[in-house]
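A.B. asks: Chains as they are written, first to last, in the working numbering: chain P, 1 to 275; chain L, 1001 to 1286; chain C, 2001 to 2330.
We treat Cβ as the ideally placed atom computed from N, Cα and C, and that holds for glycine.
#1: What I want to know is whether the C-beta of residue 183 (chain P) ends up closer than 6 Å to one or more non-hydrogen atoms of the ligand NAP.
#2: Tell me the rounded alpha-carbon separation between residue 36 (chain P) and residue 1170 (chain L).
#3: Between the beta-carbon of residue 1207 (chain L) and the beta-carbon of residue 1047 (chain L), is there less than 7 Å?
#4: Kindly indicate the opening and closing residues of the alpha helix (DSSP H) around residue 121 (chain P).
#5: Helix, strand or coil for residue 1137 (chain L) per DSSP?
#6: If we count the other Cβ atoms within 10 Å of its Cβ and call it buried at 16 or more, is residue 1221 (chain L) buried or exposed?
#7: Since residue 2230 (chain C) contacts residue 2131 (chain C) with CB under 8 Å, what's their CB separation in whole angstroms?
#8: For residue 2210 (chain C), collect the residues of the same chain with a Cβ closer than 8 Å to its Cβ; drop the 5 residues on either side in sequence, then sort them by chain order.
#9: Applying a beta-carbon distance threshold of less than 7 Å, which residues of chain P neighbour residue 2195 (chain C)?
#10: In three-state terms, what does DSSP make of residue 58 (chain P)?
#11: Between C:2137, C:2062, C:2072, which has its C-alpha nearest residue 2108 (chain C)'s C-alpha?
#12: Less than 7 Å between the beta carbons of residue 243 (chain P) and residue 34 (chain P), yes or no?
#13: To the nearest angstrom, how far is it from the Cα of residue 2274 (chain C) to the Cα of residue 1264 (chain L)?
#14: Take residue 2255 (chain C) as the anchor and find which of C:2044, C:2030, C:2017 has the nearest alpha-carbon.
#15: Which residues in the same chain have their Cβ closer than 6 Å to the Cβ of residue 1243 (chain L), if we skip the five residues on either side of it in sequence?
#16: If we define contact as Cβ-Cβ less than 7 Å, is residue 2216 (chain C) a contact residue for chain P?
#17: Who are the neighbours of residue 108 (chain P) on chain C, taking C-beta pairs under 7 Å?
#18: Determine whether the Cβ of residue 74 (chain P) lies closer than 7 Å to any Cβ atom of chain C.
#19: Can we say the region 2211-2223 of chain C touches the region 2028-2041 of chain C, given the rule of at least three CB pairs closer than 8 Å?
#20: When we look at the beta-carbon of residue 2088 (chain C) and count the other beta-carbons within 10 Å, is it buried (16 or more) or exposed?
#21: Does residue 2210 (chain C) get closer than 7 Å to chain L when you measure Cβ to Cβ?
#22: Measure the C-alpha to C-alpha separation of residue 2036 (chain C) and residue 2065 (chain C) and round it to an integer number of angstroms.
#23: In three-state terms, what does DSSP make of residue 15 (chain P)?
#24: What does residue 2184 (chain C) reach in chain P if we use C-beta pairs closer than 8 Å?
#25: Would you say residue 66 (chain P) faces chain C, with C-beta separation under 7 Å as the test?
#26: Anything in the region 2114-2129 of chain C with a Cβ closer than 7 Å to a Cβ of chain L? List those residues in chain order, please.
#27: Taking the CB atoms as reference points, tell me whether residue 89 (chain P) and residue 138 (chain P) lie closer together than 7 Å.
#28: Smallest Cα separation from residue 57 (chain P): which of P:17, P:165, P:30, P:206?
#29: Alpha carbon to alpha carbon, what distance is there between residue 163 (chain P) and residue 79 (chain P)?
#30: Apply the 10 Å Cβ neighbour rule to residue 2262 (chain C) and answer buried if 16 or more other Cβ atoms are within range, or exposed otherwise.
#31: Counting only beta-carbon separations shorter than 7 Å, does residue 1946 (chain C) have a partner in chain P?
#32: Counting only C-beta atoms, is residue 118 (chain P) closer than 7 Å to chain C at any point?
#33: Out of P:231, P:228, P:225, P:175, which one is the CA nearest neighbour of residue 211 (chain P)?
#34: Quick check on the burial criterion: 16 or more other C-beta atoms within 10 angstroms. Buried or exposed for residue 194 (chain P)?
#35: Going by beta-carbon coordinates alone, are residue 1086 (chain L) and residue 2301 (chain C) separated by less than 7 Å?
#36: Contact check, residue 2074 (chain C) vs residue 2173 (chain C) under 8 Å by CB: the rounded distance?
Spelled out as structure tokens, the structure:
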């Protein structure tokens, strides 16, 4: 449904992403992995309209969305979260989610000044949509707390709720588990799986290999801004180019270590299950 | 034709003075990401300090120029420590607003000390040089020569000395500079010192061709901001090009549109350039 | 689901305003002091202008430094139309507001191509162009001599030339301003502005069209500046270019900072306090900024939220039980 062709962007002399072609399959969880600096976040920024690609194009449901401003991409049904937890900390959890629904409302300055029927109607609708989004991430009980007072994990959920309130078909999550502890990661993983089960197409960038291996249906590997491999977790974890990319000295030692262990475990587990 | 050449020389002199003030402002912006709205008042105080040294203390002109540069450099450093350093983590508009407070404070102080009236700074360099029908007052010649010399010295400092290189490094990448162990605080102080000193030198050079008044700072402020926005905020070559562009626009705009609107011409140029290129002439995109 | 929507806040925040309005309306019946009327009218006019700046700076996080220029355009439009073309004030005033909104839109179309500090500098440049144009366009604006003898408006037998009647005109205008700004603040549009202030990138990814929101709030801001300017023209009766310049913008900014940027009470509170303070340091005249300049710096350094913000913080620091009790009580 979300497809990209020869997608690339150049900053000055630096080709951050180049020649990435492929598509995101609906209804499943796709993970984008790669060593630090592989261009994963840049790739997300290209998909969501934050950056204008210098080459290639992006289509969504057959419609060319290359170069569309972000808010229009969101309106079509592609929502995203940010790598660092980006929410409105001083606003209530509910108001955060409410803002996500703004893209589905049309009330402007006049509606505000005259308190028109449309304004009242859309306020109610926004409220309901925001509550529904909070329910999906399990935050309905904290709706009236200031978002900044929540735990790191709950703040991640707020940022997902903002994206959900926009009514997306595709949800792009940029490192949803960064900076939260293992137990919280498990809970968040469950939430993401529930979202996918409800019919949402999920694309995520993640460094935590254990999370990816249990969550992703499909994996795309970026290295130096190029797509070097793609396939099921089992296929990717045995791909020599992927192993080389991770162990080739570009990744931090602990990532290498974790990846090596995960790869070994995964390979063993998948082998076992095939027999 | 002769008139055009005559105006060309005037524009060069004016552009030289603008460059010095604008360079200080653009360096501070590059290093600290602060648009220092008080910069024009440093220029104005510089003019008054020079005037006081010349008339009240009878200090020779070039010594007065040097003393004013040091005094304003120190004042700018003090500002950085007292106002901008404590505000470094706060939202973007806070330092701007604080700088506006400083601007009005300095202007009011100068009025309180020296009165609101215009002062005449007598040109120390007398005589008119005439060549091929073109005449140039000694002071204008001095402005052109001195501003070129100061700019060359500044370039040498930024490109060829270690301290200068750290300023450049910080302007390029503040976080990176911190990581490689550049003393960010000290570089910030130094940058402010340079900006104050440059403003004072410009004032001492330019004031003898015009009048000294408390409101001269506000006017210069607007002009140098127009210049660095034109040239791209934080860009050193951009500040120089912008300065000469504004000087030329004002002088020739004055000739063609009428002197009454000369000041407006400069801002019209700014608005037009920004409408076409929001990041300025030399600014980098995103 | 027993999940109540946002607790009903409209009543508790609304009643102090009504109280102030009623008090302000009643006091002139007992007090007949023209000096006090003059101070009060000036406070109300500049408070309206401060509300105009607040919707930009406080809600959308943009520093509009051409604000006094639009105040001036509003004032001069009313002045020129009533004085030179003999228009009724009641026609000239709305036209001035519409003109300011339209020019605000034009400025926004260009200015919002820039961001943050460049936006502030850009609008400062536009402010200077407006002042200089007013100053130099002798035939229209009277140039340096200014516009003299702008008549006070009349409505039937009501003559607003009297300070007491003008007080009510200004009061109605201010009340309308506060009412409308409060509506904007509570609206979906207003919440989206707060989102833009909080982070443009996040606002964009939440699907908010940042550009059109900025354009619309710019129009509201300049319209309010023109609203205040029109009132100023007929109250003072004389217009000079100086009032339209950057120093007026900075003074309004000071009011806003003292009162509290982004709050509903801030603009009025700040204008009141500084205007009253200025009555006491009038002897300083041009040197007022020896006091006000450092005040501005100290506010930014130590009380960035202003007086209204301080109030909110004090409330927030009370024990929760107490807070809930008092919230339920009012």
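C.D. replies: Looking at the atomic coordinates:
#1: Ligands are entirely absent from the displayed structure, and the ligand NAP is therefore not among its contents.
#2: Rounded to whole angstroms, the gap between the alpha carbons of residue 36 (chain P) and residue 1170 (chain L) is 25 Å.
#3: Yes; because the gap between Cβ atoms is below 7 Å, this pair is in contact.
#4: If you look at residue 121 (chain P), you'll find it in the alpha helix (DSSP H) that goes 117-136.
#5: In the structure shown, residue 1137 (chain L) adopts extended strand secondary structure according to DSSP, grouped into three states.
#6: Classification for residue 1221 (chain L): buried.
#7: Residue 2230 (chain C) to residue 2131 (chain C), Cβ: 18 Å. No contact.
#8: Taken in chain order, the residues that qualify are 2196, 2200, 2203, 2204.
#9: Within chain P, the residues near residue 2195 (chain C) are 88, 99.
#10: Residue 58 (chain P) falls in the strand class under three-state DSSP.
#11: Answer by Cα proximity: C:2062.
#12: For residue 243 (chain P) and residue 34 (chain P), no; Cβs fall outside 7 Å.
#13: Each residue's alpha carbon lies about 32 Å from the other.
#14: Minimum Cα distance to residue 2255 (chain C) is reached at C:2044.
#15: Result list for residue 1243 (chain L): 1015, 1018, 1019, 1022, 1227, in chain order.
#16: Closer than 7 Å to some Cβ of chain P, the Cβ of residue 2216 (chain C) qualifies, so yes.
#17: Result: 2189, 2216.
#18: Contacts with chain C at 7 Å (Cβ-Cβ) include residue 74 (chain P).
#19: A contact between stretches requires three or more CB pairs, one per stretch, nearer than 8 Å, and the region 2211-2223 of chain C fails this requirement with the region 2028-2041 of chain C.
#20: It is exposed - the Cβ of residue 2088 (chain C) has fewer than 16 other Cβ atoms within 10 Å.
#21: For residue 2210 (chain C), the answer is no, since every Cβ of chain L falls outside 7 Å of its Cβ.
#22: Between the alpha carbons of residue 2036 (chain C) and residue 2065 (chain C) lies a gap of roughly 30 Å.
#23: Here residue 15 (chain P) sits in strand by DSSP.
#24: Chain P residues near residue 2184 (chain C): 109, 112, 113.
#25: It does not; no Cβ of chain C falls within 7 Å.
#26: If the cut-off is 7 Å between Cβ atoms, the region 2114-2129 of chain C has 2114, 2116, 2117, 2118, 2120, 2121, 2122, 2124, 2125, 2126, 2128, 2129 near chain L.
#27: The Cβ-Cβ distance between residue 89 (chain P) and residue 138 (chain P) does not fall below 7 Å.
#28: Residue 57 (chain P) has its Cα closest to that of P:17, out of P:17, P:165, P:30, P:206.
#29: Rounded to the nearest angstrom, the two C-alpha atoms are 5 Å apart.
#30: So residue 2262 (chain C) ends up on the buried side.
#31: As displayed, chain C neither begins before 2001 nor continues past 2330, which places residue 1946 (chain C) out of reach and without an answer.
#32: No, its Cβ sits nowhere closer than 7 Å to a Cβ of chain C.
#33: By alpha-carbon distance to residue 211 (chain P), the top candidate from P:231, P:228, P:225, P:175 is P:175.
#34: With a 10 Å radius around the Cβ and a threshold of 16 neighbouring Cβ atoms, residue 194 (chain P) comes out exposed.
#35: Here residue 1086 (chain L) is near residue 2301 (chain C), since their CB atoms are less than 7 Å apart.
#36: Not confirmed; about 12 Å, so no contact.
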